[in-house]
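To convert a position in the sequence shown, counted from 1, into the numbering used here, add 6.
Using N, Cα and C, we set each Cβ at its ideal position, and we do this for glycine too.
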Amino acid sequence: MREHKLVLPPDLALLTKAFITLEGMGCQLEPDFDMAGEALPLLRAEMLARYTPSSLVKRGWRAASEMLGIIADLPHDLSRLIRAARRGKLDIHIDVLHLKHVGDQLDGAVNRLSAGLIIAALIVGSSIVMTVVGGPTLMGLPFFGVLGSFCATIGGVWLVRSIRLSNKADRESRP
Numbered sequence: 007m008r009e010h011k012l013v014l015p016p017d018l019a020l021l022t023k024a025f026i027t028l029e030g031m032g033c034q035l036e037p038d039f040d041m042a043g044e045a046l047p048l049l050r051a052e053m054l055a056r057y058t059p060s061s062l063v064k065r066g067w068r069a070a071s072e073m074l075g076i077i078a079d080l081p082h083d084l085s086r087l088i089r090a091a092r093r094g095k096l097d098i099h100i101d102v103l104h105l106k107h108v109g110d111q112l113d114g115a116v117n118r119l120s121a122g123l124i125i126a127a128l129i130v131g132s133s134i135v136m137t138v139v140g141g142p143t144l145m146g147l148p149f150f151g152v153l154g155s156f157c158a159t160i161g162g163v164w165l166v167r168s169i170r171l172s173n174k175a176d177r178e179s180r181p
């Protein structure tokens, strides 16, 4: 299924699992148990009851009644829509669930990415400064190279801690 990018709906997967469990339990209780043989007559009876002419007619009338209601309301609805469009009062509301949460997550990710780039630049810059001879030194090493490396280390520790805390908060907020 993965090879062909097919997805099994969760309800169907649970139903299949339930049938497999029932068949396994039935075979443990009765070794000659045949789940398909037991279920087929029940399934056949249900299908016949569901698709009898009277039930098909009943469902057809219900669907036709709903369609007639929609068709009856259509002129009024179109009239209201056209009047609102002419007045420039046509509002379109798009409610995307958790859009603010997604924006907050994206904002946090961009901030961490920016901090990571700054830390990487500090590491590269400090490495270059460490090779320069002359200027102030600290324990025989170029002062600004040591300062940049120290800042990069502190920033890296902060960034890793921030990522871990964010991941922990995301896991706790999920149902």
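Environment of L147 [buried if 16+ CB atoms lie within 10 Å]: Here L147 is exposed, its C-beta having fewer than 16 other C-beta atoms within 10 Å.
Cβ pair A158, I129 closer than 8 Å: Cβ distance < 8 Å, so A158 and I129 count as in contact.
Rounded Cβ spacing between R33 and F39 (contact assumed at less than 8 Å): Checking the sequence shown, residue 33 turns out to be Cys, not Arg. At roughly 5 Å, the Cβ-Cβ gap stays under 8 Å, so C33 and F39 are in contact.
Best match in M41, P16, D176 for proximity to T27 [C-alpha to C-alpha]: Measuring C-alpha to C-alpha distances from T27 to each of M41, P16, D176 identifies M41 as the nearest.
Coil, strand or helix - T143 by DSSP: Three-state result, T143: strand.
Per-residue burial, G151 [other beta carbons within 10 Å of its own, 16 or more giving buried]: Buried, since its Cβ has 16 or more Cβ neighbours within 10 Å.
Candidates A126, A127, F149, of which the one nearest T137 by Cα: With distances taken between Cα atoms, T137 lies closest to F149.
Reference W164; option with closest CA among M145, G122, L144: Nearest of M145, G122, L144 to W164, Cα basis: G122.
DSSP bridge partner residues for P16 (one or two, in chain order): Residue pairing from DSSP leaves P16 without any beta-bridge partner.
Residues sharing a beta bridge with P148, DSSP: Answer by DSSP bridge pairing, in chain order: T143.
Inter-residue Cα distance where the pair is L105 and L12: Looking at the two C-alpha atoms, the distance is approximately 28 Å.
Rounded C-alpha distance that separates A55 from A45: If you take the alpha carbons of A55 and A45, they lie about 15 Å apart.
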